[in-house]
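One structure below.
Okay, structure coming up:
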């Protein structure tokens, strides 16, 4: 099995635990940690300016419509192979920010997003697996001189 298939299988396994309809039940208010979390996810998945984020629209079109297929599609198609510096910074922020972490682990609203955090935790690992794979190819591929 190639590395891409193995990583996609892992992502789909994590994705099967994410319940968009449950996420849509979150009460997200302006200035809240929940809003901060979803603004970062908006930037990460849609590459849109965080100031354009609107919870009501996001919830309606990505989490509620078609059982959240849009949200799930974005997670599956997220390119872990080629993380940008900005994406890495967002992921690092979501993984390490004390307020976000406390919200996710202690607030019932944050607990709804724990499966999304599992996906966020997996991204750096998947990205590093691709880097190792590319390095392996570099050192094991035949040289044009070998022909």
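Numbering (the working numbering), first residue to last: 854 to 1000.
All residues carry an ideal CB built from backbone N, CA and C; glycine is no exception.
Keep in mind the model is a prediction, meaning the values are calculated, not measured.
With at least 16 other beta carbons inside 10 angstroms of its own, residue 921 counts as buried. For residue 871, there is no enclosing alpha helix (DSSP H), since its DSSP letter is neither H nor E.
A contact between stretches requires three or more CB pairs, one per stretch, nearer than 8 Å, and the region 918-938 meets this requirement with the region 961-980.
In this structure, 917 is the residue among 897, 917, 891 with its C-alpha nearest to the C-alpha of residue 877.
The alpha-carbon separation between residue 924 and residue 897 amounts to approximately 12 Å. Under the DSSP assignment, residue 961 falls in the alpha helix (DSSP H) whose first and last residues are 961-964.
By the C-beta criterion, the region 947-963 is judged to be in contact with the region 886-894, since at least 3 inter-stretch pairs fall below 8 Å.
Of the candidates 971, 944, 929, 882, the residue whose Cα lies closest to the Cα of residue 909 is 882.
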